[in-house]
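Okay, structure first, notes after.
2 protein chains.
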Amino acid sequence: MKLYNFDPAPNARRVRIFLAEKGIEVETVGVDLRDGGQFTDDFQAINPRCTVPMLELDDGTRIDESGAICRYFEAIQPSPSLMGSTPTEMAVIEAWHRRIELEGLAPGSDALRNGAKSFKDRAVSGSRPFPQIPELAERGVKRLHLFFDMLNSRLGESPYVAGPEFSIADILAYVVIDFAAWVKAVPSDEHTNLKAWYAKVAERPSSKA
Amino acid sequence: MKLYNFDPAPNARRVRIFLAEKGIEVETVGVDLRDGGQFTDDFQAINPRCTVPMLELDDGTRIDESGAICRYFEAIQPSPSLMGSTPTEMAVIEAWHRRIELEGLAPGSDALRNGAKSFKDRAVSGSRPFPQIPELAERGVKRLHLFFDMLNSRLGESPYVAGPEFSIADILAYVVIDFAAWVKAVPSDEHTNLKAWYAKVAERPSSKA
Chain A
592 MKLYNFDPAP
602 NARRVRIFLA
612 EKGIEVETVG
622 VDLRDGGQFT
632 DDFQAINPRC
642 TVPMLELDDG
652 TRIDESGAIC
662 RYFEAIQPSP
672 SLMGSTPTEM
682 AVIEAWHRRI
692 ELEGLAPGSD
702 ALRNGAKSFK
712 DRAVSGSRPF
722 PQIPELAERG
732 VKRLHLFFDM
742 LNSRLGESPY
752 VAGPEFSIAD
762 ILAYVVIDFA
772 AWVKAVPSDE
782 HTNLKAWYAK
792 VAERPSSKA
Chain B
592 MKLYNFDPAP
602 NARRVRIFLA
612 EKGIEVETVG
622 VDLRDGGQFT
632 DDFQAINPRC
642 TVPMLELDDG
652 TRIDESGAIC
662 RYFEAIQPSP
672 SLMGSTPTEM
682 AVIEAWHRRI
692 ELEGLAPGSD
702 ALRNGAKSFK
712 DRAVSGSRPF
722 PQIPELAERG
732 VKRLHLFFDM
742 LNSRLGESPY
752 VAGPEFSIAD
762 ILAYVVIDFA
772 AWVKAVPSDE
782 HTNLKAWYAK
792 VAERPSSKA
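First to last, the sequence lines map onto chains A and B. Take the first sequence: its position 170, counted from the start at 1, is 761 in this note's numbering, and no numbers get skipped. Take the second sequence: its position 127, counted from the start at 1, is 718 in this note's numbering, and no numbers get skipped.
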């Protein structure tokens, strides 16, 4: 089994922290996204979507979405549970995880890809050129601040994002907060619940993965 | 248990087709999105995100994401399986399901919300006003055509989107194709694999749900 990885990428971090929480070690293969490693012929032959992380199983099956890679490991090693044990837990955690993708990760990607010079003509993931839309970068940053507000409010009523236990929703939210700083969106001093939760998650050894 | 529903909405259709495939009947409560039903005080008290579908369990738990609602029903009634039975199947289906969200559903939403007059100042889901970005509507339509190409190519190598069996990935792809027509993006005559698969899925009784 091999995990194609680029250390700084938020989606790759989501998977690495998930694996660290499970105590699973997987061989990694580096793909340097800052150097166009995802666009080489060799890598496109492996993943035509030009994205990492990607997991390649020993039977050759390739899984090219972070959430799906986590699902695989949750299924082969359910403990410690990060995606819920009962039907209700599974659904509530998945809903929060997805909400963080929609309200945090997607706006962050919009902001970075439509605003950073290094993403000129690469405003959409993949090998097809797409021009940047500066208004979308601005919208992304504005939505990241709403995301912080929402998460701060949620963490005032729940110790972790999806309920009483740490889950994949916390992993993604933590990763998104660091990612948002790339476009200079950071929580404010009023986000006290969010900051306390962030400090608690940062103390977990997995956060360094 | 209650499912808050609006018949034409693609996410609500995804859940209804999923339930029809499982043979599960759930009481539905209509929320008319064309009439602002999602913004009433009553509905905002139930779902501050102002979205449907939303599932309310008998214990009061609310699940506000379509994929998570499907996960709940898959967990309480695994047969017929629509999200995979083995770890590899589960991961592969989830990866395709997510890819269709990213490459089909999201561009379709971008196109509709940033282009249709009825979504003026509602370019982002929820109660906060966001002005439309016409360039993003154009990008959405362009990406929908790339989505058709990708899906047509995939269906030339696999009978169903995620492999040999019908799954939630087919349900979402089918719903997205109908949704794309709202912004006048339709498959071309060259998309023969896609059209053959679409006809096959349309014959399933669940497609009318």
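Ideal Cβ positions, reconstructed from N, Cα and C, are used throughout, including at glycine.
Beta-bridge pairing of M645 (chain A) - partner residues as DSSP gives them: The partner list for M645 (chain A) (beta bridge, DSSP) reads A:Y595.
Distance between beta carbons of V617 (chain A) and L610 (chain A), contact taken as under 8 angstroms: Yes, L610 (chain A) and V617 (chain A) are in contact; Cβ-Cβ is about 6 angstroms, under 8 angstroms.
Residue range of the alpha helix (DSSP H) that includes T679 (chain A): It spans P678 to I691 - the alpha helix (DSSP H) in which T679 (chain A) sits, taken as one unbroken run.
R576 (chain B) - partner residues in DSSP beta bridges: Because chain B here runs from 592 to 800, residue 576 (chain B) falls outside it and cannot be looked at.
Contacts of I667 (chain A) in chain C (Cβ-Cβ under 7 angstroms): Protein chains in the displayed structure are A and B, and chain C is not among them.
Proximity winner among A:P722, A:R653, A:Q723 and A:K733, relative to R719 (chain B) (alpha-carbon distances): A:K733
Alpha-carbon to alpha-carbon, C641 (chain A) and G628 (chain A): 9 angstroms
Boundaries of the beta strand (DSSP E) in which E618 (chain B) is found, first to last residue: E618 to G621
R605 (chain B) beta carbon less than 8 angstroms from that of L578 (chain B): Residue 578 (chain B) lies beyond the stretch modelled for chain B, which goes from 592 to 800, so this question has no answer here.
Contact check, G731 (chain A) vs D701 (chain A), beta carbons under 8 angstroms: Contact flag set, yes.
Min CB distance M681 (chain B) to chain A below 8 angstroms: yes
Bridge partner(s) assigned by DSSP for V654 (chain A): The displayed chain sequence assigns Ile, not Val, to residue 654 (chain A). BP columns for I654 (chain A) point to A:L646.
Same chain, Cβ closer than 6 angstroms to Q723 (chain A), neighbours up to 5 away in sequence not counted: Closer than 6 angstroms at Cβ, skipping near neighbours: N705 and A714.
Nearest neighbour of M592 (chain A), chosen from A:S758, A:E647, A:I637 and A:K708 [CA to CA]: A:E647
Buried versus exposed call for K613 (chain A) [16 or more other C-beta atoms within 10 Å across all chains shown]: Under this definition K613 (chain A) is a buried residue.
Extent of the continuous alpha helix (DSSP H) to which S700 (chain A) belongs: A697 to G706 is the span of the alpha helix (DSSP H), which, as asked, contains S700 (chain A).
Through-space distance from W687 (chain A) to N570 (chain B), alpha-carbon basis: With chain B running from 592 to 800 in the structure shown, residue 570 (chain B) is simply not present.
Residue-chain proximity (F721 (chain B), chain A), Cβ-Cβ < 8 angstroms: yes
Nearest-angstrom Cα separation, counted from P755 (chain A) out to S749 (chain A): 7 angstroms
Selection of the segment 614–646 of chain B by Cβ proximity to chain A, strictly under 7 angstroms: none
Chain B residues whose Cβ lies nearer than 8 angstroms to that of V715 (chain A): R730 and R734
Any chain B beta carbon closer than 8 angstroms to I762 (chain A): no
8 angstroms Cβ cutoff, E685 (chain A) in contact with chain B: yes
Rounded Cβ spacing between L673 (chain B) and S758 (chain B) (contact assumed at less than 8 angstroms): 5 angstroms
Cβ-Cβ distance between A682 (chain B) and I660 (chain A) below 8 angstroms: yes
Residue from A:N743, A:S798 and A:A636 with nearest C-alpha to S779 (chain A): A:N743
Q635 (chain A) - containing alpha helix (DSSP H), residue span: D632 to I637
Interface residues of the segment 696–713 of chain A facing chain B [CB-CB below 7 angstroms]: none
Helix, strand or coil at G754 (chain B) according to DSSP, with G and I counted as helix: When secondary structure is reduced to three states using DSSP, G754 (chain B) falls in the strand class.
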